[in-house]
Amino acid sequence: MLQAFAEQRAEVTRALDDLVQVARDIGATALADRLGRDVVAKLAANRFHLVVVGEFNHGKTSFVNALLGEALLPVGVTPTTSVIHHLVYAAEPTAKVVLADGGEVPLPFEEVRAFAAGGARSSSEVAFLEIGVRSELLRERIVLVDTPGVNDLSLTRAEITYGYIPRADAVLFMLDAGQPVKESERQFLEEQVIGQSRDKILFVVAKTDIWTPAERDEAVAYIRERLAAVIRGPAVFPVSAHAALEGRGGESGFDALREYLTRFLAEERGRLVLTNALGEGLTARDVLARGLDARRRAAHLTTLQLDKRLELLERDLSGHAGTIEQRRLEIREQAGAIKAWARRDLDHFCDDVITQLPGLVERASGDDLRQHLGDFLEQSFRDWARRESGELATSLEQLAERMVALLREDAHDAAGRLGETMGAELSPPRIEVDTFAADVGVFAVLAVGLGVVLTNLLLGGILVAAASSLALWSRGRTDLAMRRRALELAPGALRDAAAKVAPKIDELVERFAARLDEWVVSAGQELHREIIEVLGEVRRERAASASSSEAELDRADGLGARLDAVGARLDALRRGLDQRAPERAAEPR
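In our numbering, the protein residues as written are 32 to 620.
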């Protein structure tokens, strides 16, 4: 199945390569470069990412070893994976450290164990380890991501939640047969995973050796019932890594899981990858048709008339710059307003919690304060951050939608003016919300940005440090002294945390605004640049060869035939994918 996907991808890539060449021959160099860089190259480099997620001691690493068919990664009774591991195919075992700043350091394969929990190597500067192993599963352009436990409150947990899970092609969530679907797991699934990955999460129940055959069906039915409360129709796979590594594949459950995975990746995720690439190609085909029409009209112009048209187009573009600048100014103003109210919300949150603290502290014992003050502060901040994140996302999306609507009107006006210049009726470029999302990566920016906010909010150590200080100070203190100390520490901890979070919120909004600003400039100039670029190429060709009007029309007709042919191929490929849209693979019983 994955081989069939590879063949389909190669066919789509060939069609897109042909489209890139037609674009270059028409004279749309910028469009050709973008297609080649953002569509064809990414499609060729595409890999499927499988992310293994779960709590400590649920057998994630043993599961990964069994899935690979060999015990390649260290396992133990204590948490072992202290940094994220990327497993990729390699003919011989290899390893390298990928640093947080993007640098890479080769690593002897035998030193991979040094990055296990308690190992000699610090992980503070490490983004992930890339480990190359010889596995047939990975040969099919799959990257298997082994992660630390999600019940570890560390930077890694935030990286998993806000970095890896949204980008994964499939999320394998590990459950323990001895204690499946604990409340902490249900909460993590409901709050952090389901919304981002509802359509790509698979549940793997590890250590099923503890069940008797009679218990198996009852246990799986119970797990499905528990999971159904948070996700519709959960796909559940009971497996035994021990049986798989001993060569008892038939009873391990891994054969069924591998079959499901390959079908899911090839048919569902693979189809999505190809459909998106074909959609980009068909949009580019429509843009090139407009450029080709400009080339045909230029064939009827003298060189002097062509130069005059180019001058008029450049002049109109210069005048249009004022309109674009108005849009950019509105983005800056709206971004400033969003940052201001977010800061006000943060201040009000701190004031509200600090106002409630005396009553809460008065009702608590010294032991309760020592054990639960940090948890209370963290949960309060977490709840606020969740609400604020939703409001921020809504405000930024509304700003983007307004810019899309305004640019659509601007493009319509520009098409009318340029049509008069060219002596033709020009259709404006399609400017839609989906186009903006694809061009700017708006939703990815939001997800990553909010992840940064939460990481610094919850994992920066400020709130935990306050609770630790209280615990260290508590020896021999009375409940009254503990309450006084809690009231001294908690407000300062909240304010300190807020002081760190506020700049991160500003950074999120500014980053979004900068991307939106960049897109507004690019989209606002698209129609002008497209025609100017094509006419400029016609002018250069004419200067180089002094070709006749008839020859230029013949060349335009030839380019038109090639564009129609490659467009028909892209259409046929997309129809074929739509017709083969699969039913989701059946899971084992």
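Virtual Cβ for every residue (Gly too), placed ideally from N, Cα, C.
A quick note: this is a predicted structure, and the numbers were derived from the prediction, not measured.
Check whether the Cβ atoms of residue i and residue j lie closer than 9 Å to each other.
i	j	result
Gln365	Leu430	yes
Val176	Leu81	yes
Arg172	Lys231	no
Leu388	His559	no
Thr60	Ile115	no
Leu547	Leu319	no
Ala272	Gly90	yes
Ile563	Leu348	yes
Leu50	Leu99	no
Phe234	Ala266	yes
Val532	Ala446	no
Thr306	Asp609	yes
Ala442	Gly555	yes
Leu296	Phe94	no
Ala330	Ser166	no
Val128	Val119	no
Which residues bound the alpha helix (DSSP H) around residue i?
i	result
Leu258	Pro244 to Leu258
Gly350	Thr334 to Arg394
His443	Gly397 to Met453
Glu38	Leu33 to Ile57
Asp595	Ser580 to Gln610
Asp324	Gly301 to Ala330
Leu288	Phe285 to Arg294
Leu99	Lys91 to Leu99
Arg217	Glu214 to Phe219
Please classify residue i: does DSSP put it in a helix, a strand, or coil?
i	result
Thr125	strand
Asp132	coil
Leu138	coil
Ile115	coil
Val202	strand
Ile262	coil
His80	strand
Ala102	coil
Asp510	helix
Glu86	coil
Glu564	helix
Arg515	helix
Ala75	helix
Asp537	helix
Gly278	coil
Ala575	helix
Asp230	coil
Between the C-alpha atoms of residue i and residue j, what's the straight-line distance to the nearest angstrom?
i	j	result
Gly591	Leu427	41 Å
Gln34	Thr293	10 Å
Arg439	Ala308	24 Å
Val551	Arg65	17 Å
Glu572	Leu566	10 Å
Gly607	Gln39	10 Å
Ala596	Val569	22 Å
Glu123	His351	58 Å
Ala201	Glu583	51 Å
Glu549	Glu432	15 Å
Leu400	Ala517	7 Å
Asp406	Asp317	56 Å
Met205	Val83	7 Å
Ser396	Ile369	41 Å
Leu525	Leu539	21 Å
Asp56	Val304	27 Å
His379	Ala521	16 Å
Ala208	Ala102	21 Å
Using a Cβ cut-off of 9 Å (strictly closer), state whether residue i contacts chain C.
i	result
Glu409	Included in the structure is just one protein chain, with no chain C present.
Taking the DSSP output, what are the residues bridged to residue i?
i	result
Tyr120	Val164
Asp64	Paired residue(s): none; Asp64 is not in a bridge.
Phe268	Val235
Phe159	Val129
Glu175	The question names Glu, but residue 175 is Leu in the sequence shown. Answer is Leu81 and Leu118, bridged to Leu175.
Asp207	Ala237
Which residue marks the beginning of the beta strand (DSSP E) containing residue i, and which one marks its end?
i	result
Val143	Neither: Val143 is in no beta strand (DSSP E) and is coded neither H nor E.
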